[in-house]
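Take 1 as the starting number for the sequence shown in the UniProt record's numbering and just add one per residue.
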Amino acid sequence: MASSGSGGTGSPCGACKFLRRKCASDCIFAPYFCSEQGPARFAAIHKVFGASNVSKLLLHVPVPDRCEAVVTIAYEAQARIRDPVYGCVAHIFALQQQSSLESVDLNNNNNIHDAMIMNAHREIQSAGRSSISSEDFLVQACTSRKRPNYNGDLGELQALAFRMMRN
Numbered sequence: 001m002a003s004s005g006s007g008g009t010g011s012p013c014g015a016c017k018f019l020r021r022k023c024a025s026d027c028i029f030a031p032y033f034c035s036e037q038g039p040a041r042f043a044a045i046h047k048v049f050g051a052s053n054v055s056k057l058l059l060h061v062p063v064p065d066r067c068e069a070v071v072t073i074a075y076e077a078q079a080r081i082r083d084p085v086y087g088c089v090a091h092i093f094a095l096q097q098q099s100s101l102e103s104v105d106l107n108n109n110n111n112i113h114d115a116m117i118m119n120a121h122r123e124i125q126s127a128g129r130s131s132i133s134s135e136d137f138l139v140q141a142c143t144s145r146k147r148p149n150y151n152g153d154l155g156e157l158q159a160l161a162f163r164m165m166r167n
């Protein structure tokens, strides 16, 4: 990912660049914060958690898992900056609300579909003999009616959920 600035020839890692210190050859941040984009990413982490705390935390994480830990810490730091009270829980809540709305929408669509099928069966039974087959009649009945689209409401509901969480 990024090389440490050992020997003075390489540039410091993004974390050391942000902290304005010399990057040691064994810098724990060097593999995860490159020199170019690292300072901006590390700024949020440092603001929320502090460099020392993150360094101590990473020392307790096995080396193969550190990259994922840094990504998670960076995500949580960004979420805490956006929403200091709830952090990433606000995003989780919004996703749960979206999932609930999608489930309700799916159930409504299934109920509408079932009702359309039942109506089509009743119309076939009451019509008696018809010039079209019952399968063609069902296809016509199901495709001629449009299902309601609830996607426009989703953004408004998410905005409402965020406003409720902020109050």
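C-beta atoms are modelled at their ideal positions from N, C-alpha and C, and glycine is treated no differently.
Which same chain residues end up closer than 6 angstroms to residue i when comparing Cβ atoms and leaving out the 5 residues on each side of it in sequence?
i, result
"residue 39", "14, 17, 18"
"residue 117", "none"
"residue 70", "32"
Within the same chain, show all residues whose beta-carbon is closer than 7 angstroms to that of residue i, passing over the 5 residues directly before and after it, in chain order.
i, result
"residue 2", "Here the model assigns residue 2 a pLDDT of 46, short of 50, so the residue's position is not dependable, and the following value carries that caveat. These residues qualify, in order along the chain: 13, 14, 30, 31, 33, 34, 35, 38."
"residue 99", "none"
"residue 76", "87, 88"
Below 8 angstroms CB to CB, which residues in the same chain sit around residue i once its five sequence neighbours on both sides are set aside?
i, result
"residue 6", "Because residue 6 sits at a pLDDT of 42, beneath the cut-off of 50, its placement in the model cannot be relied upon, and the following sentence gives the value as read from the coordinates. Cβ neighbours of residue 6 beyond the five flanking positions: 23, 24, 25."
Check your understanding: Are three or more beta carbon pairs between the segment 88-101 and the segment 63-70 nearer than 8 angstroms?
Key -> no
Check your understanding: In chain order, which alpha helix (DSSP H) runs of at least 4 residues are fully inside the segment 48-112?
Key -> 51-59, 66-82
Check your understanding: With contact counted as at least three CB pairs below 8 angstroms, one residue from each stretch, are the segment 75-89 and the segment 41-50 in contact?
Key -> yes
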